[in-house]
Every structure is written in structure tokens, then in C-alpha cells.
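Here is the structure we will look at, set down as C-alpha cells.
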Amino acid sequence: MKTNLGDVWDMKASISDTNLPAEVATLANRLGADGKPDRVHLTQYGTMTEGPGKPWMRFSATDTIELATTAFDWRARTGPLSCLTVVDQLSPRGTRSELRLFGIFPLAPRASPVLRAKQMVR
19 MKTNLGDVWD
29 MKASISDTNL
39 PAEVATLANR
49 LGADGKPDRV
59 HLTQYGTMTE
69 GPGKPWMRFS
79 ATDTIELATT
89 AFDWRARTGP
99 LSCLTVVDQL
109 SPRGTRSELR
119 LFGIFPLAPR
129 ASPVLRAKQM
139 VR
């Protein structure tokens with residue numbers, strides 16, 4: 019998967035007592051980091067493929083990563099007119115992986131033990 023990380027948000031106040039290079043701390047402060055965030059939100063734009071020989075598809079996504087526990091919520095839109103929504107979640111409550119048409123109609127099966135193992139690696 020090729021991605022371009024876009025925005026980072028949901029951080030507050032100031033980073034000062036860190037081992038970060040000054041330039042990195044300055045950028046983090048400008049983006050609103052406080053040094054103790056509980057989650058990070060990312061926006062992504064890129065292309066992805068289902069495997070070798072398969073066509074590349076453009077996508078846009080948001081990813082929320084919990085920092086205090088092993089958890090994430092990745093949601094991508096792709097397809098003609100962005101009609102397909104991909105949801106990939108891992109939390110202490112379990113896993114969820116769905117492909118939906120127009121964000122409503124399920125097109126692919128949900129979580130399984132194999133999926134959970136793959137999500138833990140990610």
C-alpha cells in the first residue's frame with residue numbers, strides 16, 4: 019500500500035520535556051501536541067491493491083490509534099464515487115473488518131480469529 023500521511027490532530031498544549039530534536043518538538047507543538055495524548059488521528063490519501071496483478075485503487079482514510087491500549091479504527095473510502103467503505107478495527111472488545119456499499123450495505127464477512135491475529139500484527 020502506498021500512502022501519503024496527511025493531517026495529525028487531537029493533541030493539545032505543549033511538548034517541552036522530551037528527547038525530541040528541537041525541530042520535531044516545534045512541529046509537534048505547532049500541530050497542537052501536549053506530550054501526553056491518549057489517541058492520534060491520521061488522515062491518509064493513497065493507492066492500494068488487493069495483490070500482485072490486481073489494479074491499484076485510490077483511497078482516502080482516517081485512522082484513530084489509541085495509545086494507552088492496543089486499539090485502532092481505520093476507515094477508508096474507495097471505488098467509483100467513493101461508494102465503498104472499508105472498516106478495520108481492533109479494540110479490547112474484539113475486531114471488526116467490513117466492506118460496505120455506500121457505508122450501509124455489507125459486502126464482505128466480518129471478524130474471524132485469523133483476522134484478529136493479522137490485526138494484532140498491524
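When we follow the numbering used here, the leftmost residue of the sequence shown carries the number 19, and every step to the right adds one. In this text, a Cβ means the ideal position worked out from N, Cα and C, and glycines have one as well. Values in this document were obtained by computation on a predicted structure and should not be read as measured data.
Query, Result
"Helix, strand or coil at residue 46 according to DSSP, with G and I counted as helix", "helix"
"Strand pairing of residue 91, partner residues [DSSP]", "82 and 107"
"Residues that residue 202 bridges to, as DSSP identifies them", "Nothing can be reported for residue 202, as the shown portion of the chain is limited to 19 through 140."
"Candidates 46, 70, 95 and 69, of which the one nearest residue 81 by Cα", "95"
"Residues bridged to residue 119 (per DSSP)", "102 and 123"
"Residue from 100, 112 and 109 with nearest C-alpha to residue 122", "100"
"Beta-carbon contacts of residue 107 that lie in its chain and below 6 Å, excluding the five residues immediately before and after", "91 and 114"
"Rounded distance between the beta-carbons of residue 110 and residue 87, thought under 8 Å", "6 Å"
"DSSP bridge partner residues for residue 69 (one or two, in chain order)", "Beta-bridge pairing links residue 69 to no other residue."
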